[in-house]
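Visitor:
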Amino acid sequence: MAVPPKVVELVELFGRDLALYKRAGYKEAHVRIDFIDPFFEALGWDVRNVQGQREHSKDVIHEDAITVAGKIRAPDYSFRIGGTRRFFLEAKKPSVSLKGDVGPAFQLRRYSWSVKLPLGILTDFEEFAVYDCRRCPRATDKASVGRLMYFTFDQYLDRFDEIYSVFAKESVQQSSLDR
Numbered sequence: 005m006a007v008p009p010k011v012v013e014l015v016e017l018f019g020r021d022l023a024l025y026k027r028a029g030y031k032e033a034h035v036r037i038d039f040i041d042p043f044f045e046a047l048g049w050d051v052r053n054v055q056g057q058r059e060h061s062k063d064v065i066h067e068d069a070i071t072v073a074g075k076i077r078a079p080d081y082s083f084r085i086g087g088t089r090r091f092f093l094e095a096k097k098p099s100v101s102l103k104g105d106v107g108p109a110f111q112l113r114r115y116s117w118s119v120k121l122p123l124g125i126l127t128d129f130e131e132f133a134v135y136d137c138r139r140c141p142r143a144t145d146k147a148s149v150g151r152l153m154y155f156t157f158d159q160y161l162d163r164f165d166e167i168y169s170v171f172a173k174e175s176v177q178q179s180s181l182d183r
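Quick note: the sequence shown, position 73, residue 77 per my numbering, numbers continuous.
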């Protein structure tokens with residue numbers, strides 16, 4: 005699979021202004037709009053519901069409501085096929101270190117485990133981590149527990165086939181998450 009030009013553009017832009025994006029003032033909402041949304045659109049997902057699907061048929065639900073330990077929680081992105089949740093993506097701002105910070109990893113694993121999703125993604129675009137969410141998460145787990153893949157934005161172009169083969173919409177439709 006050739007890397008889509010949009011992904012190349014995103015990687016170059018992020019690298020060029022990395023210091024700006026890592027400042028505390030660059031918010032999660034910005035990284036979602038500027039980088040995460042277009043990245044997943046390049047993977048074939050209708051992140052912004054351009055097709056005008058009804059709520060139950062949307063590819064992506066933002067802030068999907070789920071119940072975790074009796075409380076309503078909202079994963080940043082719920083990616084769906086035919087209205088069925090397939091994986092969650094939890095976004096953070098780039099000033100947060102995803103590799104070692106236990107909080108974001110626990111949050112993603114807890115959300116995914118609560119609704120029995122096998123995999124989940126944690127990203128701030130600078131870092132991209134994929135977790136096996138089939139094991140009950142504990143708040144004391146290290147950030148590496150359950151982590152299946154980890155790479156940084158400067159590896160996206162070389163590892164794009166890996167990302168595409170698991171998380172592209174067409175791959176998920178072909179049961180990539182069930183392997």
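The beta carbon of each residue, even a glycine, is placed where N, CA and C say it ideally should be.
Source: prediction; values computed, not measured.
From what residue to what residue does the beta strand (DSSP E) around Ala-4 run?
Guide: Missing from the structure shown is residue 4; the chain here goes from 5 to 183 and no further.
Visitor: Grouping DSSP H, G and I as helix and E and B as strand, with all else coil, what is Leu-14?
Guide: Leu-14 falls in the helix class under three-state DSSP.
Visitor: Could you check where the beta strand (DSSP E) with Lys-75 kicks off and where it finishes?
Guide: 75 to 77
Visitor: If you follow the alpha helix (DSSP H) that His-34 is in, where does it begin and where does it stop?
Guide: 32 to 35
Visitor: In whole angstroms, what separates the C-alpha of Ala-73 from that of Lys-31?
Guide: Going by C-alpha positions, Ala-73 is about 28 Å away from Lys-31.
Visitor: With distances taken Cα to Cα, identify the nearest neighbour of Phe-91 among Leu-102, Ser-148, Cys-137, Arg-20.
Guide: Cys-137
Visitor: Taking DSSP's pairing of strands, which residues face Ala-95 in a bridge?
Guide: Thr-127
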